[in-house]
Amino acid sequence: MLGVSQIALNEEDYDTSITYAKRWLAETGSERDTVYTVIAMAYYRQDKLAEVAEPAKKALALAEKPSDSMYQLVVQSFYDRELWADAAREADEILAKKPDLLPVIKLQSQAYLEMEGGESKAAAALQGAYDRGVLSSENDIRHLASIYSYIERPLDAVTLINNAVAANKLKPSLDTYKVLGDGLRYGDKYVEAAEAYSKAEPFAKNGEILYLKALALYEGEKYPECKQAATAAVEKGGYERLGETWLTLGNCELEMDNLPAAKAAYTKALGYPNTKESAASWLKSVR
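Going by the numbering used here, the letters in the sequence shown line up with residues 34 to 320, in that order.
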């Protein structure tokens, strides 16, 4: 019966898998972690998420060496139902036993992000894992930095990225320098942000980084440099926010009292749905 149950699971015949697993439990009067694992997995793959936690926890309790993936499945079954507080609580219980179980740490962090007022806890969960050397992938480090920027702690993002680069935990890349630039920009360090975006330029296949550089320079009141970056961005192209770039270029020209050039840039921005209304408003104001 167990063999049939496992084969049925592999063949995506989940009802049959569950039926034979439960039949084995009833007829033998025994319990085995592998049986409950099959049941939990079958329920999860059927999206019967409310049924997952009980057999998964039984599998963990019976196993001589509990499976990390089964711990993760418990938390995932709550997270996927958008029961954020329950997911975080279940993660707490698991992490009390296995504090360095990264998939559960990351799920808990995501659950906190979804909870009102949980952003700082989300960052703290990942920062603790980073400090212990558990969270080490480049994507995860950049994700933590992005959270810091999102929760209005952008200079913490900058510190994290700079320290990770210095320690060779992050390699120079488009994503690394973009996250660094974003943190500096959100921290009102506009010239430094532009410098970070400049470091990203050699890795970029389109003009978006140049647009972000132009935006930082505009916010830093470096209008000639903003004009140069925005012009280079639209020339390179290949990204979605071209309309916004033309608006930024128009604003730079306006700040430098180049009214004909400002009007020309705003006219270009009229051709993009996202900026058509704003461009029309600017054109009216400069006539």
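All C-beta atoms in this analysis are idealised placements derived from N, C-alpha and C, irrespective of residue type, glycine included.
Among the options, whose alpha-carbon lies nearest the alpha-carbon of residue i?
i    : options                   : result
L116 : K130, A92, E149 and L134  : E149
L248 : E225, V191 and S169       : E225
I174 : K204, S153, E147 and E185 : K204
G241 : E228, G216 and G270       : Note on identity: in this sequence residue 241 is Glu, with Gly being the wrong assignment. Cα-wise, what sits closest to E241 is G270.
M103 : T308, D66 and P132        : D66
S170 : A263, I194 and A313       : I194
N307 : D80, Y181 and E277        : E277
I3   : K202, G166, L146 and K211 : Lying before the first or after the last residue shown, residue 3 is absent from the chain, which here runs from 34 to 320.
E64  : A92, N239, L275 and K301  : A92
G220 : S231, K255 and I184       : I184
Y112 : A83, K98 and E258         : A83
E44  : W57, Q79 and E252         : Q79
Q105 : K139, Y47 and R114        : K139
V108 : E123, S182, E254 and N239 : E123
V267 : K154, D48, Y251 and N239  : N239
Y47  : Y230, M74 and A200        : M74
D101 : S110, K81, I127 and R114  : I127
S110 : K98, Q141 and P235        : Q141
R114 : K98, E87, A96 and K81     : K81
N172 : K98, K202 and K154        : K202
Just confirm the distance between the C-beta atoms of residue i and residue j, as a whole number of angstroms; I'd bet it's less than 8 Å.
i    : j    : result
A156 : L135 : The pair is not a contact, with the Cβ atoms about 16 Å apart (cut-off 8 Å).
A144 : A129 : Rounded, the Cβ-Cβ distance is 16 Å, inconsistent with contact.
L159 : L177 : 4 Å
A265 : L287 : Contact doesn't hold; Cβ gap of about 19 Å is too wide.
V85  : Y76  : 5 Å
A54  : V71  : 5 Å
A233 : L207 : 5 Å
D133 : V167 : 5 Å
K309 : L303 : 6 Å
Y299 : L316 : 5 Å
A190 : V212 : 7 Å
A289 : Y256 : What sits at residue 289 in the sequence shown is Met, not Ala. Their Cβ separation, rounded to whole angstroms, is 5 Å, which keeps M289 and Y256 in contact under 8 Å.
Can you say whether residue i is buried or exposed, counting buried as having 16 or more other CB atoms within 10 angstroms of its CB?
i    : result
D164 : exposed
T209 : buried
L292 : exposed
T61  : exposed
G151 : buried
S38  : buried
A118 : exposed
V137 : buried
A59  : exposed
R21  : Summary: the structure shown does not reach residue 21, with the chain confined to residues 34 through 320, and so no result is reported for it.
D125 : exposed
G36  : exposed
V319 : exposed
A94  : exposed
R218 : buried
A237 : buried
K222 : buried
I40  : exposed
K301 : buried
E273 : exposed
K260 : buried
L229 : A quick correction: the sequence has Ala, not Leu, at residue 229. Buried.
A200 : exposed
S153 : exposed
Under a CB-based cut-off of 8 Å, is residue i close to chain B?
i   : result
Y69 : Absent here is chain B; the protein component of the structure consists of one chain.
Within 7 Å: the Cβ of residue i and any heavy atom of the ligand COA?
i    : result
I180 : The ligand COA is not part of this structure, which contains no ligands at all.
Margin query: Restricting to runs no shorter than 3 residues, where is the beta strand (DSSP E) found entirely within the region 48-92?
Written below: none
Next item on the list: Specify whether the region 273-289 and the region 246-260 touch according to this definition: at least 3 beta carbon pairs, one from each stretch, less than 8 Å apart.
Entry: yes
Notebook entry, point to check: At which residue ranges does the region 113-155 contain complete alpha helix (DSSP H) runs of 4 or more residues, listed in the order of the chain?
Noted result: 117-130 and 135-147
Check: Which ranges would you report for the alpha helix (DSSP H) in the region 252-294 if only whole runs of at least 4 residues count?
Finding: 256-269 and 275-288
Notebook entry, point to check: Which ranges would you report for the alpha helix (DSSP H) in the region 175-254 if only whole runs of at least 4 residues count?
Noted result: 187-199, 207-219, 223-233 and 241-252
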